[in-house]
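Trainee: This is the structure, below, for whatever I ask next.
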Amino acid sequence: MEVIKRDSRCLTAKGGSWELNEDARKIICFTSSGELYISSSHEKSYWVLAFIDKLRRNNVKFVIKPVSIEQIAQLYSSNVLATDSVVQSSGRQEEVISIVRDAVELKASDIHIIVRENVTHIKYRVDGELRQNQEMSENDGNDICATIYQTMCDVAEPVFNPRRSQDARLMSTTLEKCGLYGGRIATRPTDSGLLMVIRLLYDRGSNNLELEHLGYTVEQVRLINRMAARRFGINILSGPTGSGKSTTLECVLKRIISQREEKAHVLTLEDPPEYRITGAVQTPIQCDKNDDDAVSKEWARAISNAMRLDPDILMCGEVRDLHSATATFRAAMTGHGVWTTVHANDALAILSRLDDIGVSPAIMTDATLVTGLISQVLTRKLCPHCRKPWHQHAHLIDDAVRQRIEKYCLTGQVFFRGEGCEACGFTGINGRTVIAEVVEPDDALMDIYSHQGKNAARRYWVEQLGGLTRNHILIQMINKGIVDPCEGERDVCMLDDDDVVGLYRGDDASKN
Ligand SMILES: [Zn+2]
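Anchor point for the sequence shown: position 225 equals 505 in our numbering, and the numbering is continuous, going up by one each time.
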């Protein structure tokens with residue numbers, strides 16, 4: 281008599297991840313340990329051949345075990361877990377909802393489910409850092425992933441396959457229960473199991489999120505407001521992945537919409553829309569994301585198409601290559617206000633990046649066309665209740681770092697990250713702040729950039745236009761006890777960055 285292995289489950293049972301219909305279940309039973317029991321008198325039947333074909337197409341390994349129909353019936357009835365699996369599946373869904381809600385409560389940006397041999401870790405990314413949330417068995421982890429993928433998502437492929445990379449999105453009923461706007465899911469097999477990452481996208485609704493709250497200085501907000509008030513021109517935002525660029529663009533677009541009393545047609549092209557922007561028409565880029573060439577052409581096509589949709593303001597998710605850059609600049613040249621992003625390290629490096637992509641220098645250094653260059657990074661803010669003052673911690677840090685802090689900061693006002701307390705959930709952190717550079721180019725700056733290069737243009741920006749470098753802003757934040765200098769150096773820049781290129785001008789507060 282065949283007996284299903286102790287912790288093996290019957291996946292073809294009702295509610296199982298390879299569920300079969302009632303007729304097929306009479307002659308097929310597939311288990312989580314890879315045994316495929318089939319009725320020996322039905323080896324060539326349609327159901328059996330179709331099921332074997334499906335397993336092969338999904339690269340699932342299995343061993344065929346011919347048995348009698350009675351034995352298959354016994355396998356189903358002896359596997360208690362399987363007969364309970366419908367109930368279990370809805371129980372699993374509840375478990376998933378509670379995991380996601382916990383993450384939402386902590387304002388996590390991502391949930392990581394890491395299934396390994398013998399154990400599953402569930403971690404949340406909060407304020408840019410991964411935090412361990414809970415542990416469960418390997419089986420429970422696999423079940424959770426299968427439940428999410430197969431019963432709580434809109435998916436391209438109907439069957440969850442832990443041996444392949446798959447993408448999905450949380451379905452709207454799931455999102456409603458968790459209070460989210462969207463949830464993107466990616467999975468990948470690992471050497472010892474499976475990784476599933478859920479990116480959580482929040483609906484901030486009409487919450488008045490302002491640039492000032494993100495960490496932009498009063499002067500920077502004034503400049504961005506001027507950019508937002510222009511009827512045409514291109515404004516480009518740069519920053520590493522996860523630096524909050526979408527949040528900044530969302531703030532800017534909401535501001536434009538309210539400034540113009542909702543009389544402006546604001547159209548976005550996004551891959552995919554990350555936040556709902558009330559008053560804007562948001563459109564996703566649709567193409568095969570695995571095909572770079574197709575993605576590139578689709579961006580350019582979407583921008584050209586958008587021009588015919590009569591926008592006043594166009595937000596174009598990303599300038600990624602010459603195709604999309606050309607289309608984006610054409611949009612700005614034909615009298616539209618354009619906001620977009622590129623990958624670049626500082627505000628003026630945006631021009632160098634456009635140059636790399638192949639945008640004509642005459643176009644990208646036209647200050648009437650390129651009206652704004654912004655770069656931003658995020659760094660953590662210290663919990664004011666448990667941060668540690670200079671004298672308690674300075675002796676523990678690296679000599680070189682300490683010397684830079686002593687040279688550029690006011691040590692009496694410097695604080696370090698504490699051990700954590702109740703107020704900060706024992707993390708030592710109180711959210712994150714943007715550290716940005718905002719450049720409103722003028723003719724002279726563009727001229728210097730063209731003839732003398734980026735560093736000369738940066739010098740002109742600081743000395744003649746009063747530009748605030750991220751190095752300068754970081755030192756101000758450290759001197760206010762908001763940012764740990766060691767974390768600031770890791771996230772933003774070295775404290776002597778400006779000094780080594782002769783741009784250091786001291787903190788306005790006192791130190792010179
Ligand atoms: Zn604290």
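We put the beta carbon where it would ideally sit given N, CA and C, even for glycine. Just so you know, these numbers come straight off a predicted model, no measurement behind them.
Within the same chain, show all residues whose beta-carbon is closer than 8 angstroms to that of Ala544, passing over the 5 residues directly before and after it, in chain order.
Mentor: What you label residue 544 is simply residue 264 of the sequence shown in a count that begins at 1. Around Ala544: Ile536, Ile537, Asp592, Ile593.
Trainee: Please name the residue, chosen from Thr691, Leu658, Lys687, Thr659, that lies closest to His673 on a Cα-to-Cα basis.
Mentor: Taking the sequence shown and counting its residues from 1, the one referred to as residue 673 is at position 393. For the residues Thr691, Leu658, Lys687, Thr659, the minimum Cα distance to His673 belongs to Thr691.
Trainee: Would you mind working out which of Asn585, Gly473, Asp626, Thr659 sits nearest Ile565, comparing C-alpha positions?
Mentor: Taking the sequence shown and counting its residues from 1, one reaches residue 565 at position 285. For the residues Asn585, Gly473, Asp626, Thr659, the minimum Cα distance to Ile565 belongs to Asn585.
Trainee: Are Ile516 and Ile630 touching if we call contact CB-CB under 7 angstroms?
Mentor: Position 236 of the sequence shown, counting from 1, holds the residue named residue 516. Position 350 of the sequence shown, counting from 1, holds the residue named residue 630. The answer is yes: Cβ separation under 7 angstroms.
Trainee: Apart from the five residues just before and just after Thr707, which ones in its own chain have a Cβ nearer than 8 angstroms to its Cβ?
Mentor: Numbered from 1 along the sequence shown, position 427 holds the residue referred to as residue 707. Excluding sequence neighbours, Thr707 sits near Val406, Asp407, Glu409, Arg411, Cys663, Gly700.
Trainee: Would you say His673 touches ligand 1, meaning its beta carbon is less than 6 angstroms from a heavy atom?
Mentor: Against the sequence shown, residue 673 aligns to sequence position 393. No, the beta carbon of His673 sits no closer than 6 angstroms to any heavy atom of ligand 1.
Trainee: What's the C-alpha gap between Met595 and Val618?
Mentor: Position 315 of the sequence shown, counting from 1, holds the residue named residue 595. Position 338 of the sequence shown, counting from 1, holds the residue named residue 618. Looking at the two C-alpha atoms, the distance is approximately 6 angstroms.
Trainee: Taking only three categories from DSSP, how would you classify Val781?
Mentor: Counting from 1 along the sequence shown, the entry for residue 781 is found at position 501. Reduced to three states, the DSSP call for Val781 is coil.
Trainee: Please state if the CB of Lys345 and the CB of Glu315 are separated by a distance shorter than 7 angstroms.
Mentor: For this step, residue 315 is matched to residue 35 along the sequence shown. For this step, residue 345 is matched to residue 65 along the sequence shown. Yes, Cβ-Cβ distance for Glu315 and Lys345 is below 7 angstroms.
Trainee: Taking only beta-carbon positions, decide if Gly652 is within less than 7 angstroms of chain C.
Mentor: This model lacks chain C altogether, as it is built from one protein chain only.
Trainee: Taking Cβ to Cβ, would you say Leu480 is nearer than 7 angstroms to Gly463?
Mentor: If you number the sequence shown from 1, residue 480 lands on position 200. If you number the sequence shown from 1, residue 463 lands on position 183. Yes, the Cβ-Cβ distance between Leu480 and Gly463 is below 7 angstroms.
Trainee: On the CB-based measure, 16 or more other CB atoms within 10 Å of its CB, does Gln430 come out buried or exposed?
Mentor: To locate residue 430, count along the sequence shown from 1; it is residue 150. Buried: at least 16 other Cβ atoms inside 10 Å.
Trainee: Using three-state DSSP, classify Asp592 as helix, strand or coil.
Mentor: Translated into positions along the sequence shown, residue 592 becomes position 312. The answer is coil: DSSP assigns Asp592 none of H, G, I, E or B.
Trainee: Please name the residue in Ser526, Glu686, Glu717 whose C-alpha comes closest to that of Trp871.
Mentor: The requested residue 871 does not occur in the structure, where the chain is confined to residues 281 to 792.
Trainee: The alpha helix (DSSP H) that contains Gly421, what's its start and end?
Mentor: Looking up residue 421 in the sequence shown gives position 141. Run containing Gly421: 418-431, per the alpha helix (DSSP H) assignment.
Trainee: Measuring alpha carbon to alpha carbon, tell me which residue in Thr608, Leu589, Asp590 is nearest Glu598.
Mentor: Looking up residue 598 in the sequence shown gives position 318. Ranking the options by Cα distance to Glu598, first place goes to Thr608.
Trainee: Between Thr497 and the rest of its own chain, which residues show a CB-CB distance below 6 angstroms, the 5 nearest in sequence each way excluded?
Mentor: Numbered from its first residue, the sequence shown carries residue 497 at position 217. Correct list: empty, nothing qualifies.
Trainee: Classify Asn301 as buried or exposed, calling it buried when 16 or more other Cβ atoms lie within 10 Å of its own Cβ.
Mentor: Taking the sequence shown and counting its residues from 1, the one referred to as residue 301 is at position 21. So Asn301 ends up on the exposed side.
Trainee: What would DSSP say about Ile654, mapped onto helix, strand or coil?
Mentor: Here residue 654 corresponds to residue number 374 of the sequence shown, with the count starting at 1. In this structure, Ile654 counts as strand in the three-state DSSP scheme.
Trainee: With a threshold of 6 angstroms (Cβ to nearest heavy atom), would His603 be considered close to ligand 1?
Mentor: As a first step, residue 603 is located in the sequence shown; it is residue number 323 there, counting from the start. Incorrect: His603 has no Cβ contact closer than 6 angstroms to ligand 1.
Trainee: Who are the Cβ neighbours of Asp590 in its own chain at under 8 angstroms, not counting the five residues just before and after it?
Mentor: For the purposes of this step, residue 590 is identified with residue 310 of the sequence shown, where counting begins at 1. Cβ neighbours of Asp590 beyond the five flanking positions: His545.
Trainee: Buried or exposed: Leu676, going by 16 or more other Cβ atoms within 10 Å of its Cβ?
Mentor: Position 396 of the sequence shown holds residue 676. When all chains shown are included, Leu676 counts as exposed.
Trainee: Note down, in chain order, each residue of its chain lying with its Cβ closer than 6 angstroms to the Cβ of Thr548, except the 5 sequence neighbours on either side.
Mentor: By one-based count along the sequence shown, residue 548 stands at place 268. Here the set comprises Ala560, Gln562, Met595.
Trainee: Go to Val294, then tell me how far its beta strand (DSSP E) extends in each direction, as first and last residue.
Mentor: Sequence index remark: in the sequence shown, residue 294 carries index 14 (1-based). Checking the displayed sequence, the identity of residue 294 turns out to be Lys instead of Val. Note, Lys294: premise wrong, no beta strand (DSSP E); not H, not E.
Trainee: Below 7 angstroms between beta carbons: does that hold for Cys433 and Ala448?
Mentor: Stepping through the sequence shown from its first residue, residue 433 is reached at position 153. Stepping through the sequence shown from its first residue, residue 448 is reached at position 168. For Cys433 and Ala448, yes; Cβs fall inside 7 angstroms.
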